[in-house]
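The sequence shown lines up with residues 3 to 491 when you count with this note's numbering. Where a beta carbon is used, it is the ideal one built from N, C-alpha and C, also for glycine. Following: one structure in structure tokens, then a few remarks.
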Amino acid sequence: MAKFIPVDVFDLVIFGGAGDLAMRKLLPALYHRDRDGQLPAGCRIISLGRSALEQQEFLTKVKDALSVNLPASDFSEPIWQDFSCRLVYIQTNALEPGQWQPLAAALAGHEDRIRVFYLATAPRLFGPIALGLKQNGLISDQVRIVLEKPLGTDYESARKINDQVGSCFSEDRIFRIDHYLGKETVLNLLALRFANSLFEPLWNRGNIDHVQITVAEDLGVGGRIEFYDQVGTLRDMVQNHMMQLLCLTAMEPPVNRDHAAVRDEKMKVLHALRPITGEEVKRHTVRGQYQAGAIGGKAVPGYLDELGQQDSVTETFVALKLQIDNWRWSDVPFYLRSGKRLKTKYSEIVIQFQKVPHSLFPELGHASGPNRLSIRLQPDEGVKLSLMAKKPGSGGFDLQPVSLDLSFEQTFGNGYPDAYERLLMEVIRGNPSLFMRRDEVEFAWRWIDNIIDGWSQTGQVVEDYVAGTWGPTTSSLLLDRDGRHWQAN
3 MAKFIPVDVF DLVIFGGAGD LAMRKLLPAL YHRDRDGQLP AGCRIISLGR
53 SALEQQEFLT KVKDALSVNL PASDFSEPIW QDFSCRLVYI QTNALEPGQW
103 QPLAAALAGH EDRIRVFYLA TAPRLFGPIA LGLKQNGLIS DQVRIVLEKP
153 LGTDYESARK INDQVGSCFS EDRIFRIDHY LGKETVLNLL ALRFANSLFE
203 PLWNRGNIDH VQITVAEDLG VGGRIEFYDQ VGTLRDMVQN HMMQLLCLTA
253 MEPPVNRDHA AVRDEKMKVL HALRPITGEE VKRHTVRGQY QAGAIGGKAV
303 PGYLDELGQQ DSVTETFVAL KLQIDNWRWS DVPFYLRSGK RLKTKYSEIV
353 IQFQKVPHSL FPELGHASGP NRLSIRLQPD EGVKLSLMAK KPGSGGFDLQ
403 PVSLDLSFEQ TFGNGYPDAY ERLLMEVIRG NPSLFMRRDE VEFAWRWIDN
453 IIDGWSQTGQ VVEDYVAGTW GPTTSSLLLD RDGRHWQAN
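Structure representation (structure tokens):
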């Protein structure tokens, strides 16, 4: 079991506190932290929303959400009774100047405790809410503000949001959250590379053939479809989640684990990313949109059916071939793919090493494959190293791939917190190391904007793919042209 260190007393204010993110992720995460004794007495969770809910109605809504989003074995009526005493619901509209008084009254007299404002709202509201907090005198000495992704829809909108929020909060008080940075396996990527002498000497162009990063989802867009149709997979997944995984995989060793040192090295990777512009988008990017199909034997509708119209070109699948122009990674391709309604749900980083320079077993042909290091983020978090070994037996010399497999659940049990649990506690502690700095967000957007502009300039089509497959066939061709293929899940 993980060891949980209690945090200081806090007030956590969730804007959008009756919405999907709060009910599905934030409140279940806080329930777990309370269950494990990490929240001291006196902590309050104040949820703000526009829905006309009485306090008891809100508590019923939260309890129902916990029953859906937590394993049945995790829910306990006594723990719920204690947790529910921390919850407060306030109906308000943060865009209306006259509706800040109930929140101000709830926070009055608690200026000495940690105060966290979590903005689980649309990004366009981040600036106005920050300004409202400042104008109403709600920014205390120990304040933090949390901004959910995506931060804007392009570089200009992200810069504008950062300017607006930055005019009210100093950079060290702003926590731009990407829940992938709180995943146990992502954190272990740093340990794998920099706490072991085995891998880092091999982590370069001389030993690695290519890198694959996959974030696959079997679900569709669901209740987010109106938002998603304005964003698409490139903005929703690649600009934040996948860029962060890329940076952690490719960055140079920082001088220490200080948050500034780690984020400085990630920025160097972003600066070294070769832009994909103009006609290059046709060779190095793939766009797709799912059609009706079947997943797990169950028929599912297509994206346009869910949207209720027939003319959207929003992509639900993206595949990219990237190059990092620096000494370590020159000529090593990084292949990224992410999509909805794919065959199965999983997220994984695959490091494929070079083939042996000379085979002692030529009669085996392609049976002697290259070594691969697979870092599984979800589900079944763990690390797997693929090696070639001789099959037991007295006849012949047959080789077979075998795996050295580290399963986190089998090794450590399932007593460690999920990503949101960890990140919420780090916000309360004021530790920014697992969050994105302003320059990271803005530079990633500038790089992504090149692709969006290239799609527009070239009229690159959004290709159909059947739900329950691995995306458009051109996604496979992206690697086939290089004599490579996607690693099957």
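**Identity of the residue in M239, P255 and A263 nearest T318 by Cα** = M239
**Prompt:** Using a Cβ-Cβ cut-off of 6 Å (strictly less than) and excluding sequence neighbours within five positions of A421, which residues of its own chain qualify?
**Reply:** H181, G184 and K185
**Prompt:** For R178, does the three-state DSSP call read helix, strand or coil?
**Reply:** strand
**Prompt:** Would L68 pass as a contact of P30 if the rule is Cβ separation under 8 Å?
**Reply:** yes
**Message:** Can you give me the C-alpha to C-alpha distance between L389 and W82, rounded to a whole angstrom?
**Reply:** 48 Å
**Message:** At the level of alpha carbons, what is the spacing between I353 and A218?
**Reply:** 17 Å
**Asked** Are the region 469-487 and the region 289-296 touching by the rule of at least three beta carbon pairs closer than 8 Å?
**Response** yes
**Asked** Which of the three DSSP states, helix, strand or coil, is assigned to A321?
**Response** strand
**Request:** Over the uninterrupted beta strand (DSSP E) stretch that includes M390, give me the two end residues.
**Result:** Where M390 is concerned, the enclosing beta strand (DSSP E) stretches over G384 to K392.
**Request:** Could you give the DSSP three-state label for T471: helix, strand or coil?
**Result:** strand
**Prompt:** Who are the Cβ neighbours of M427 in its own chain at under 7 Å, not counting the five residues just before and after it?
**Reply:** V9, R35 and Q40
**Item:** H487 - DSSP class collapsed to helix/strand/coil
**Value:** H487 falls in the coil class under three-state DSSP.
**Message:** Quick check on the DSSP output: what are the complete alpha helix (DSSP H) runs of length 4 or more inside the region 104-147, in order along the chain?
**Reply:** 128-137
**Asked** Taking A108 as the reference, which of F229, Q325 and L50 has the closest Cα?
**Response** Comparing Cα positions, the closest option is L50.
**Prompt:** Between V150 and A122, is the Cβ-Cβ spacing less than 8 Å?
**Reply:** According to the sequence shown, residue 150 is Glu rather than Val. Going by C-beta atoms, E150 is nearer than 8 Å to A122.
**Item:** Per-residue DSSP class, three states only, for D211
**Value:** D211 falls in the strand class under three-state DSSP.
**Distance, Y230 Cα to Q312 Cα** = 16 Å
**Asked** Helix, strand or coil: which one does DSSP assign to R88?
**Response** coil
**Asked** So does the region 321-334 actually touch the region 201-216, counting three or more Cβ pairs closer than 8 Å?
**Response** yes
**Request:** Take every Cβ of the region 340-354, pair it with every Cβ of the region 374-387, and state whether three or more of those distances are shorter than 8 Å.
**Result:** Taking 8 Å as the limit for Cβ pairs, the verdict is that the region 374-387 does touch the region 340-354.
**Asked** Roughly how many angstroms lie between the CA atoms of I179 and G432, to the nearest whole one?
**Response** 13 Å
**Prompt:** CB D76 to CB R46, shorter than 8 Å?
**Reply:** No.
**Request:** In the DSSP assignment, find the unbroken alpha helix (DSSP H) run with S159 in it and report its ends.
**Result:** Y157 to G168
**Request:** Mind the definition here: the region 263-282 touches the region 233-250 only if three or more C-beta pairs lie below 8 Å; say whether that holds.
**Result:** Counting Cβ pairs under 8 Å, three or more are found: they touch.
**Request:** Give me the Cβ distance between W472 and L338, rounded to the nearest whole Å; I'm assuming they're in contact under 8 Å.
**Result:** Incorrect: roughly 14 Å between the Cβ atoms, too far for contact.
**Item:** CA-to-CA distance, P394 to L72, given in whole angstroms
**Value:** 45 Å
**Message:** Do W447 and Q166 have their beta-carbon atoms positioned less than 8 Å apart in this structure?
**Reply:** No, the Cβ-Cβ distance between Q166 and W447 is not below 8 Å.
**Asked** Does the beta-carbon of P359 have 16 or more other beta-carbons within 10 angstroms, so that it is buried, or is it exposed?
**Response** exposed
**Where A296 sits in the DSSP three-state scheme** = A296: strand per DSSP, three-state reduction.
**Message:** Applying the 10 Å Cβ sphere with the 16-neighbour rule, what's the burial state of C87?
**Reply:** exposed
**Message:** Rounding to the nearest angstrom, what Cα-Cα distance links N198 and L406 in this structure?
**Reply:** 16 Å
**Which listed residue (W457, V15, V283 and A301) has its alpha carbon closest to that of V145** = V15
**Range covered by the alpha helix (DSSP H) that runs through V233** = No alpha helix (DSSP H) holds V233; DSSP gives it neither H nor E.
**Item:** Outcome for L362 when other beta-carbon atoms lying within 10 angstroms are tallied against a minimum of 16
**Value:** Per the 10 Å Cβ criterion, exposed.
**Request:** Name the residue from S159, F410 and F437 whose alpha carbon lies nearest to the alpha carbon of E173.
**Result:** F437
**Message:** Rounded to the nearest angstrom, what separates E228 and Y305 at their Cα positions?
**Reply:** Near 12 Å, if we compare the C-alpha coordinates of Y305 and E228.
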